[in-house]
Every structure is written in structure tokens, then in C-alpha cells.
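Read in this note's numbering, the first sequence has 180 at position 173, and its numbers run on one by one without any break. Just so it is clear, CB atoms sit at the ideal spot from N, CA and C, and this is done for glycine as well. One structure is given here, and the rest of the page talks about it.
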Amino acid sequence: MQFISEPAPAIAPDWFARPSTQVAPDLLGCTLVRQLPSGAVIRGLIVETEAYAPGDPACHAYRRQTQRNAVMFGPAGLTYVYLIYGIYHCLNLVTDGDGVPSAVLLRALQLEAVSAGGDRAATQKLDRVAAGPGKLCRALQIDQTLNAHALRPNTALWVEHRSPDCDRALAQMPDAITQTTRIGLTQGVELPWRWYLTQSKAVSKR
DNA sequence: TGAAGGATTTGT
DNA sequence: CAAATCCTTCAC
């Protein structure tokens, strides 16, 4: 079953103004849209997310507000992009109310095939290109210059709602979404705040 | 001012 | 399992 379909309405900032643990699973099946400076557009279905919340020792904002994590304390609907291990970038979407530091990490996308044309090998390869938070940002050419970006249609980055078909399919199938623990953390390891589309071939490894 | 370490990925 | 690689954070 494929969830990719026609462009759906863009998600408004208010939609993100809920706890990250609610937004994270709801983002599955939505489409992340990146418009490059050249005007080229890359679209990908969100297939894996993680939530970070207040009181969560793994959250960058756990200790206090700093210059880096400041955007997480702000209003919902903004991006939080940071550099990890000096090599990769990670893309978060800020959630919850103003003053409540929380966000959802986008861990994997199923990229929309532009001209795959039923090529099995090409499709399999495409499934791995954005499978992981670092690879996702590499594929979409996302770096710190996109930090604190407001998600709005026809800007550099925005998110579109699930298609009606996708929404229906996820609602009908109880096991369509898997909830489990987060990856790569040293703290908050036990919290089951990672979600992914169970059947997706584009989720991150490990 | 310095040192430790990280929400990752890749190759040995 | 260790390297790559650099920015952020915290300690002194």
C-alpha cells in the first residue's frame, strides 16, 4: 500500500500547538516539502518521528534555555535545526505552547519518486536516502540556515496534511503505526516516544 | 579558556 | 567497534 498522493493542504502553526507526544504520531503520513533556492521541490512522506518534551532528560531544553535551543521555547510551527557530531544536521518541528520547550524530531522520509517509473532497484535505493535524521537533512539540503524557519506553504520548507486516503488507512488499521523507544540516546532511553509507519521500508535502521 | 561529549552515519 | 568533525555546554 502506498500513501503517497496528491498535494494536501498545508499544516497551519496552530496544529503544532499540542504536546509533542501527540504531534509526533500525527505527523506520520504527512508530507514534508522542501523548496530549494533553485526552485526545485523535494517531497517526502514522514514515516518516522520522535518526541522531545519538558522534563525529558534527552531533550536539549531539559536543563535550561540556551542560544541553541531557544526556538524550542518559542511558539509552535517553527523549525529547530541543530548540528550533531559536527557532521550531520537534525530537523525538528517545534510543538506545544509558547514557553513550553518541546519538539518533534523527523527521523525518516519516504521520498516521492520523481521519475522512478517502476524501477524496483531505484525505488529500493530511494527508500534509504532519507532513512535517518542526518540523511534526511542531507537529502533535503537542510542546515542551520533553516533554523527557526516558520513552516508556511511556498517557503523553503512546509508540511502538508495526510491525504484522505492515508488518513483513512491509518485510522482503520490498528497496527499501522508502531510506538517504541527512541534511538541513540544516553538519557530518557526508556520513554516510548518514537513512532513509525509499521510497513514502511524507509524507516531508519537499528 | 579548555575539555568533554553528542537526538549520526559509515566503513573496518 | 571506531572514526569523522565541530559546536554547545559546563567546569575551572
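Could you please give the first and the last residue of the uninterrupted alpha helix (DSSP H) stretch that includes Val136? Unbroken alpha helix (DSSP H) run through Val136: Arg127 to Val136.
Assigned exposure category for Ile18 - 16 Cβ within 10 Å defines buried: buried
Contact the segment 173-187 vs the segment 31-41: 3+ CB pairs below 8 Å: yes
Do Leu98 and Leu147 count as a contact pair if the criterion is CB distance below 9 Å? In this structure, Leu147 places its C-beta atom within 9 Å of the C-beta atom of Leu98.
State the Cα-Cα distance for the pair Arg75 and Gly106, rounded to the nearest angstrom. 15 Å
Along the chain, where does the beta strand (DSSP E) containing Thr38 start, and where does it finish? Thr38 to Gln42
Other residues of its chain near Thr205: CB distance less than 7 Å, five sequence neighbours each side excluded: Asp182, Ala183, Ile184 and Thr185
Ignoring anything shorter than 4 residues, give me the alpha helix (DSSP H) runs that lie fully in the segment 22-90, in order along the chain. Taking 4 residues as the minimum length, the alpha helix (DSSP H) runs contained wholly in the segment 22-90 are 27-34 and 77-80, in order along the chain.
Measuring straight from C-alpha to C-alpha, what distance separates Tyr69 and Leu198? 15 Å
Starting from Arg145, trace the alpha helix (DSSP H) in both directions and tell me its first and last residue. Pro140 to Leu147
Would you mind stating whether Ile49 and Glu119 have Cβ atoms separated by less than 9 Å? Yes. Within cutoff.
From Pro108 to Val88, what does the alpha carbon distance come to, in whole angstroms? 14 Å
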